[in-house]
Amino acid sequence: MDDPPSPTFYHKKKQTSILFFKKKVINSEGMRVDALLARYGYCTRRGAPALLRDGRVRKRDGTSVTVPGQQVNVAEVLIDGVEVPFPQGICVALHKPLGYVCSHAEEEGGKPVFKLLPAEWARRNPCVQCVGRLDKNTTGLLLLSDDGNFVHGLTSPRRHVKKVYSFETSEPISEDAVALFASGKFMLKGEKTPCLPAKLERTDSTHGKITLEEGRYHQVRRMLAAVGAPVTKLHRESFGPLRLSALKLAPGKWCSIDPSAFCHHEEK
Ligand code: URA
Numbered sequence: 006m007d008d009p010p011s012p013t014f015y016h017k018k019k020q021t022s023i024l025f026f027k028k029k030v031i032n033s034e035g036m037r038v039d040a041l042l043a044r045y046g047y048c049t050r051r052g053a054p055a056l057l058r059d060g061r062v063r064k065r066d067g068t069s070v071t072v073p074g075q076q077v078n079v080a081e082v083l084i085d086g087v088e089v090p091f092p093q094g095i096c097v098a099l100h101k102p103l104g105y106v107c108s109h110a111e112e113e114g115g116k117p118v119f120k121l122l123p124a125e126w127a128r129r130n131p132c133v134q135c136v137g138r139l140d141k142n143t144t145g146l147l148l149l150s151d152d153g154n155f156v157h158g159l160t161s162p163r164r165h166v167k168k169v170y171s172f173e174t175s176e177p178i179s180e181d182a183v184a185l186f187a188s189g190k191f192m193l194k195g196e197k198t199p200c201l202p203a204k205l206e207r208t209d210s211t212h213g214k215i216t217l218e219e220g221r222y223h224q225v226r227r228m229l230a231a232v233g234a235p236v237t238k239l240h241r242e243s244f245g246p247l248r249l250s251a252l253k254l255a256p257g258k259w260c261s262i263d264p265s266a267f268c269h270h271e272e273k
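This is how it looks when you write it as structure tokens:
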């Protein structure tokens with residue numbers, strides 16, 4: 006299986022994202038099989054002896070692995086006959102459907118988005134997390150990864166990674182909102198710093214797109230509500246260079262993505 010690089014982010018002046026890679030090599034020298042099973046979410050370390058006793062772990066050469074302390078390499082083991090997926094880390098794009106929440110627990114009556122991914126991924130250590138959040142009633146492109154640097158690098162407002170949302174509102178949006186949101190002076194209620202400049206494009210009086218470079222709590226809904234246009238539909242079309250339409254994912258479906266798509270990506 007390919008060995009995807011882990012991007013390391015650093016901030017080089019304003020508007021520049023992610024620039025170089027540090028190759029992450031996991032488990033190339035082998036590790037205890039009980040630790041490996043726990044790391045990849047197949048069981049807890051305590052639960053490993055039972056799984057091994059049941060003969061569920063083998064090497065590619067056909068020999069079975071039964072001793073919890075046995076040293077193995079992730080590339081050589083098969084669990085229930087299947088290799089460990091994404092041994093070097095997970096980075097996926099999901100088309101988040103309506104009604105799902107970006108949390109490991111059920112919240113506000115919504116199902117966790119993690120239920121749309123293989124069950125053992127949520128038990129990996131480090132675990133898979135959302136790159137920023139979409140609310141329960143927002144659909145669209147959601148990234149998930151188990152690489153903390155990747156998640157942090159894409160969510161920091163200092164990176165200026167652009168996210169484009171399309172929306173519908175129940176009331177007309179005034180022309181003035183365009184300049185107000187672009188000004189860099191627009192304050193959300195209860196916040197201490199103004200929002201970064203945001204690009205609002207109206208397609209008609211109640212529809213349009215908005216491009217944000219940060220991700221505050223319910224930001225699009227709060228911004229539009231503040232100008233008298235409550236949001237009735239919200240959908241994230243793109244995240245940095247990734248466009249959901251290009252990925253061709255139906256709601257609820259995911260695909261793995263190459264994190265290097267975010268490297269050398271200059272935000273315009
Ligand atoms: N802004 C919102 O209000 N909700 C989202 O889910 C994302 C951005």
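Residue numbering for the sequence shown follows the working numbering, starting at 6 and increasing by one per position. Yeah, the Cβ is synthetic: ideal placement off N, Cα and C, and Gly gets one too.
Do the segment 168-177 and the segment 116-125 touch if we need at least three Cβ pairs shorter than 8 Å? no
Alpha carbon to alpha carbon, how far is Arg221 from Pro54? Taking the first residue of the sequence shown as 1, we reach residue 221 at position 216. Taking the first residue of the sequence shown as 1, we reach residue 54 at position 49. Answer to the nearest angstrom: the Cα atoms are 45 Å apart.
Report the residue ranges of all alpha helix (DSSP H) runs contained in full by the segment 237-266; include only those spanning at least 4 residues, in chain order. 249-252
Run of the alpha helix (DSSP H) containing Arg58, from where it starts to where it stops: The residue you call residue 58 lines up with position 53 of the sequence shown. Arg58 -> alpha helix (DSSP H) spans Ala53 to Arg58.
What residue from Ser250, Pro202, Leu249 and Ser210 has the CA that sits closest to Met228's CA? As a position in the sequence shown, residue 228 is number 223, starting the count at 1. Of Ser250, Pro202, Leu249 and Ser210, the residue nearest in Cα terms is Pro202.
Cutoff 8 Å; reference Leu254; Cβ partners in own chain excluding five residues on either side: Here residue 254 refers to the residue found at position 249 when the sequence shown is read from its first residue. If we look at Leu254 and ignore the five residues flanking it on each side, its Cβ neighbours are Ala98, Leu99, His100 and Cys260.
Residues near Lys18 in its chain [Cβ-Cβ closer than 6 Å; skip 5 each side]: What you label residue 18 is simply residue 13 of the sequence shown in a count that begins at 1. In this prediction, Lys18 has a pLDDT of 36, which is less than 50 and means its spatial position is unreliable; what the coordinates show is noted afterwards. No residues qualify anywhere along the chain.
Return the chain-ordered ranges of every alpha helix (DSSP H) run that is complete within the segment 163-191 and spans a minimum of 4 residues. 181-187
Inspect the CB distances between the segment 237-244 and the segment 178-194 and report whether three or more fall short of 8 Å. no
For the alpha helix (DSSP H) containing Asp151, list its first residue and its last residue. As a first step, residue 151 must be located in the sequence shown, where it is residue number 146. Where Asp151 is concerned, there is no enclosing alpha helix (DSSP H), given that its DSSP letter is neither H nor E.
Flag this pair as touching only if the segment 74-91 and the segment 130-150 have three or more C-beta atom pairs under 8 Å; answer yes or no. no
Spatial distance of Leu103 from Asp59 (CA atoms): Within the sequence shown, the letter at position 98 stands for residue 103. Within the sequence shown, the letter at position 54 stands for residue 59. In a straight line, the C-alpha of Leu103 is about 40 Å away from that of Asp59.
Where do the N-terminal and C-terminal ends of the alpha helix (DSSP H) with Val225 fall, by residue? Walking along the sequence shown from the start, residue 225 turns up at place 220. Note, Val225: alpha helix (DSSP H), Gln224 to Ala231.
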